[in-house]
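Participant: Residue numbers (my numbering), protein chains in the order written: chain A, 164 to 354; chain B, 991 to 1272.
One structure, pasted below without further comment.
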C-alpha cells in the first residue's frame, strides 16, 4: 500500500497498467485457459485498495469502459460496475499488509460473485434478441462458473499485487528504518 | 494518511451520467457506434502496436521454424482457403439444387456476388454481460451492421455467428452459442422442413446449441449435418452449422428439440471470415 504516492506516480502506474491488463485479456490463449483472471475487473479494486481516494473510482470507470468497448452490448454498465468496485475498495483502503490481505481477499470473493450475479441479471433483463432465457437458468449457469472464476481472480489478484508492489516500491528512509515506522501494521497508532 | 474519498455529489452525478449513457447506447441505432468510432481511432494504433510487439516476441522465440514471412504467407493462405472452401460449398450447393430439385424450390443457394473478408479475432467474451467477440473488420473494410447483418464463418466455412455492430476499424460478433442468436436451418440434403437453431444458456456450457420449432415429420436423426436453410435474409443456404448429438421427444414420440454440436471449433478460433455483399435470390 502506498497512500502517499504522488498523482504523477499513480498515473504512471495505473494508465499503462490498465492498458496492459486490457491487452493481456485480449490474448486468446489466456482467455481460453482454465485460469483466466479478469484483470480489468480486478484492476480498479486493487487501485482503490492500494492508493484509496478517487483512484479506484477513476480507474474503475476507465477499466469499465474498456470492457464495454471490447465485448459489451452497449456502454455504461461496465463503467458503472467498475466505478462502484473501485469506490468500495477506496473506502475500505487502509495501511498495512495484513489489512490489505484481509480486505483484499474479502473484496475479491464478494465482488466477483456479486458482479457475476448482477451482470447475469442484466443479461436477463435486457435480452439482445426476442428470446428471453429464464433468470433461474442464467443464474444457475453463472453459479456453475463462479468457482473457476473465483480461483482465476484470486490468482489475478496476486499478480496485480505483485505489479503494484513493484510499481509503488519505495525505499525506506534511514529514519523509518531506525524507528520501524514502515513496519507499522494497519489499525495501529504511530503514537 | 488516508486519501480523501469521492464526494457523494460527484458519485451521484457520474452515476446519473453513466446511466444516461447506458440508456442511450442501449436504444437501437443510438450513439454507441460514434463513441466506439472515436475511441476505436485511439485504440487502433495501440492495439496494432501491442499486437506487433506480441508478434515480434513470438517471432523471436520461434525464429528457427517459423519466420515472419512464413506467417504472412500463412495468413494469405488462410484467406485463400476460406475463399476456396466458400466456393466449394457454393458449387456443391448449386449442383445439388440443380440435380435434385431442378430449381423448383427456389432456395437461396448462390453466393455469386459475395465477397469473403478475412479478419482476426481481437478479443473474446469477457463475462455474462460482456459476451460478444470483437473482430478486426469494420466500416473501413466495407461492413455496416446498421443496414444489414453479415454471416461470419470459420476457415472451414462453418458458421461462427453474425456481425452484431460495426465501428470504424472493428466489429462485434454475436456467436452461434449466444442465447440471442438464431438461424433458420435444415438437415443437409433435405430441402423441406426448416427449423430454428439457436443458442441456449445451459447447452452453451457444454458447447452445444439447440434446434427447436421442428415441424412434424422432419427426417432428423443423431449424426445428421445441419446447415443453414437460406431463409431469413442474412445467412445464405448451405453453411454448415453442426451435427445433431441428441434428440428430445415429447410423450407422443414427436421430436421437439435437438442438441447440435457446432462444427466450428470455438476453442481454437483465431481467424474468421465475414461474408459480405451476398445477393440472395428467392
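Every residue, glycine too, gets a C-beta built ideally from N, C-alpha and C.
Cβ closer than 7 Å: which chain B residues qualify as neighbours of residue 271 of chain A?
Facilitator: Residue numbering aside, residue 271 of chain A sits at position 108 when the first chain is read from its first letter. Those within 7 Å of residue 271 of chain A in chain B number zero; the least Cβ separation is about 15 Å.
Participant: Using a Cβ cut-off of 8 Å, pull out every chain A residue sitting near residue 1083 of chain B, in sequence order please.
Facilitator: Residue mapping note: residue 1083 of chain B aligns to position 93 of the second chain, counting from 1. Within chain A, no residue comes near residue 1083 of chain B; the closest Cβ sits about 27 Å away, beyond 8 Å.
Participant: Select from the stretch 1099-1129 of chain B all residues with a C-beta closer than 8 Å to any C-beta belonging to chain A, and list them in chain order.
Facilitator: Against chain A - using a Cβ distance shorter than 8 Å - the residues of the stretch 1099-1129 of chain B are 1111, 1112, 1113, 1114, 1115, 1116, 1117, 1118, 1119, 1120, 1121, 1122, 1123 and 1124.
Participant: Whole angstroms are fine: how far does the CA of residue 272 of chain A sit from the CA of residue 1132 of chain B?
Facilitator: The residue you call residue 1132 of chain B lines up with position 142 of the second chain. The residue you call residue 272 of chain A lines up with position 109 of the first chain. Their Cα atoms are separated by approximately 44 Å.
Participant: Quick one: what does DSSP say residue 1095 of chain B is sitting in, helix, strand or coil?
Facilitator: Locating residue 1095 of chain B in the second chain gives position 105, where the first residue counts as 1. The predicted model places residue 1095 of chain B with a pLDDT of 44, which falls under 50 and marks its position as unreliable, so this point remains unresolved.
Participant: Output needed for residue 1155 of chain B: all residues of its chain with C-beta closer than 6 Å, excluding positions within five of it in sequence on either side, in chain order.
Facilitator: Looking up residue 1155 of chain B in the second chain gives position 165. So the qualifying residues of the chain are 1135 and 1162.
Participant: How big is the Cα-Cα spacing for residue 209 of chain A and residue 288 of chain A?
Facilitator: Along the first chain, one-based indexing puts residue 209 of chain A at 46. Along the first chain, one-based indexing puts residue 288 of chain A at 125. In a straight line, the C-alpha of residue 209 of chain A is about 30 Å away from that of residue 288 of chain A.
Participant: Return yes when the Cβ of residue 1237 of chain B is within less than 9 Å of the Cβ of residue 1248 of chain B, no when it is not.
Facilitator: Your numbering for residue 1248 of chain B matches position 258 in the second chain. Your numbering for residue 1237 of chain B matches position 247 in the second chain. Against a cut-off of 9 Å, the Cβ pair of residue 1237 of chain B and residue 1248 of chain B comes out as a contact.
Participant: Does the CB of residue 301 of chain A have a neighbour CB from chain B at under 9 Å?
Facilitator: Along the first chain, one-based indexing puts residue 301 of chain A at 138. It does; some Cβ of chain B falls within 9 Å.
Participant: Which residues of chain B have a Cβ atom closer than 7 Å to the Cβ of residue 189 of chain A, listed in chain order?
Facilitator: Numbered from its first residue, the first chain carries residue 189 of chain A at position 26. Per Cβ cutoff of 7 Å: 1112 and 1113.
Participant: Within 10 Å of its beta-carbon, does residue 996 of chain B have 16 or more other beta-carbons around it, so buried, or fewer, so exposed?
Facilitator: Locating residue 996 of chain B in the second chain gives position 6, where the first residue counts as 1. So residue 996 of chain B ends up on the buried side.
Participant: Using a Cβ cut-off of 8 Å, which residues of the stretch 1192-1225 of chain B contact any Cβ in chain A, in chain order?
Facilitator: Residues passing the 8 Å Cβ filter: 1192, 1194 and 1195.
Participant: The alpha helix (DSSP H) spanning residue 1015 of chain B covers which residue range?
Facilitator: Here residue 1015 of chain B is taken as the residue at index 25 of the second chain, counted from 1. Taken as a continuous stretch (DSSP letters only), the alpha helix (DSSP H) holding residue 1015 of chain B covers 998-1016.
Participant: Suppose the cutoff is 6 Å on Cβ atoms and the five residues either side in sequence are ignored; what does the same chain contact list for residue 1066 of chain B look like?
Facilitator: Your numbering for residue 1066 of chain B matches position 76 in the second chain. If we look at residue 1066 of chain B and ignore the five residues flanking it on each side, it has no Cβ neighbours.
Participant: Below 8 Å, how does it come out for the stretch 258-266 of chain A and the stretch 1026-1038 of chain B: are there three or more Cβ pairs, yes or no?
Facilitator: No: the two stretches stay apart, fewer than three of their Cβ pairs being nearer than 8 Å.
Participant: Can you give the Cα-Cα distance for residue 234 of chain A and residue 1113 of chain B, rounded to whole angstroms?
Facilitator: Along the first chain, one-based indexing puts residue 234 of chain A at 71. Along the second chain, one-based indexing puts residue 1113 of chain B at 123. Distance between the alpha carbons of residue 234 of chain A and residue 1113 of chain B: 8 Å.
Participant: When Cβ atoms are compared, which residues of the stretch 287-315 of chain A fall closer than 9 Å to chain B?
Facilitator: From the stretch 287-315 of chain A, only 289, 290, 291, 292, 293, 294, 295, 296, 297, 300, 301, 303, 304, 305, 307, 308 and 312 have a Cβ closer than 9 Å to chain B.
Participant: Would you say residue 234 of chain A faces chain B, with C-beta separation under 9 Å as the test?
Facilitator: Position 71 of the first chain holds residue 234 of chain A. For residue 234 of chain A, the answer is yes, since a Cβ of chain B falls inside 9 Å of its Cβ.
Participant: Could you check which residue in A:216, A:266, A:290 and A:225 has the C-alpha nearest to that of residue 202 of chain A?
Facilitator: Numbered from its first residue, the first chain carries residue 202 of chain A at position 39. Among A:216, A:266, A:290 and A:225, the Cα nearest to that of residue 202 of chain A belongs to A:225.
Participant: Going by CA-CA distance only, name the one from B:1076, B:1117, B:1121 and B:1122 that's closest to residue 1106 of chain B.
Facilitator: Against the second chain, residue 1106 of chain B aligns to sequence position 116. Here the closest residue by C-alpha is B:1076.
Participant: Taking just the CA atoms, how far does residue 173 of chain A sit from residue 314 of chain A?
Facilitator: In the first chain, counting from the first residue as 1, residue 314 of chain A sits at position 151. In the first chain, counting from the first residue as 1, residue 173 of chain A sits at position 10. Whole-angstrom Cα-Cα distance: 28 Å.
Participant: Among the candidates A:220, A:232 and A:255, whose CA atom is the shortest distance from the CA of residue 243 of chain A?
Facilitator: As a first step, residue 243 of chain A is located in the first chain; it is residue number 80 there, counting from the start. Closest by alpha carbon: A:220.
Participant: So, is the C-beta of residue 319 of chain A closer than 9 Å to a C-beta in chain B?
Facilitator: As a first step, residue 319 of chain A must be located in the first chain, where it is residue number 156. False, the Cβ-Cβ gap to chain B never drops below 9 Å.
Participant: Indicate, with yes or no, if the ligand SAH has a heavy atom lying under 8 Å from the CB of residue 1059 of chain B.
Facilitator: For the structure depicted, the ligand SAH is absent and the ligand set is empty, with no information on it obtainable.
Participant: Take every Cβ of the stretch 1194-1211 of chain B, pair it with every Cβ of the stretch 317-326 of chain A, and state whether three or more of those distances are shorter than 8 Å.
Facilitator: No, the stretch 1194-1211 of chain B does not touch the stretch 317-326 of chain A.
Participant: Taking the C-alpha atoms as reference points, what is the distance between residue 267 of chain A and residue 197 of chain A?
Facilitator: Looking up residue 267 of chain A in the first chain gives position 104. Looking up residue 197 of chain A in the first chain gives position 34. Distance between the alpha carbons of residue 267 of chain A and residue 197 of chain A: 23 Å.
Participant: For a test of the three-state rule: what should DSSP assign to residue 236 of chain A, helix, strand or coil?
Facilitator: Here residue 236 of chain A refers to the residue found at position 73 of the first chain. The answer is coil: DSSP assigns residue 236 of chain A none of H, G, I, E or B.
Participant: Check whether chain B comes within 9 Å of residue 241 of chain A, counting only Cβ atoms and requiring the distance to be less than that.
Facilitator: Working through the first chain from its first residue, we reach residue 241 of chain A at position 78. Yes, contact with chain B.
Participant: With DSSP as the reference, label residue 291 of chain A as helix, strand or coil.
Facilitator: The residue labelled residue 291 of chain A in the question sits at position 128 within the first chain. In this structure, residue 291 of chain A counts as coil in the three-state DSSP scheme.
Participant: Are there 16 or more other CB atoms within 10 angstroms of the CB of residue 293 of chain A, so buried, or fewer, so exposed?
Facilitator: The count along the first chain starts at 1 and reaches residue 293 of chain A at position 130. With fewer than 16 other Cβ atoms within 10 Å, it is exposed.
Participant: Pairing CB atoms from the stretch 1178-1195 of chain B with CB atoms from the stretch 1206-1225 of chain B, are three or more of them under 8 Å?
Facilitator: Touching, yes.
Participant: Counting pairs of beta carbons, one from the stretch 1115-1124 of chain B and one from the stretch 1219-1233 of chain B, are three or more of them closer than 8 Å?
Facilitator: No, they do not touch.
Participant: Any Cβ of chain A within less than 9 Å of the Cβ of residue 1051 of chain B?
Facilitator: Here residue 1051 of chain B corresponds to residue number 61 of the second chain, with the count starting at 1. Cβ-Cβ to chain A under 9 Å: no for residue 1051 of chain B.
Participant: Taking Cβ-Cβ distances shorter than 9 Å, what residues in chain A pair up with residue 1172 of chain B?
Facilitator: Stepping through the second chain from its first residue, residue 1172 of chain B is reached at position 182. Correct list: 292, 293 and 294.
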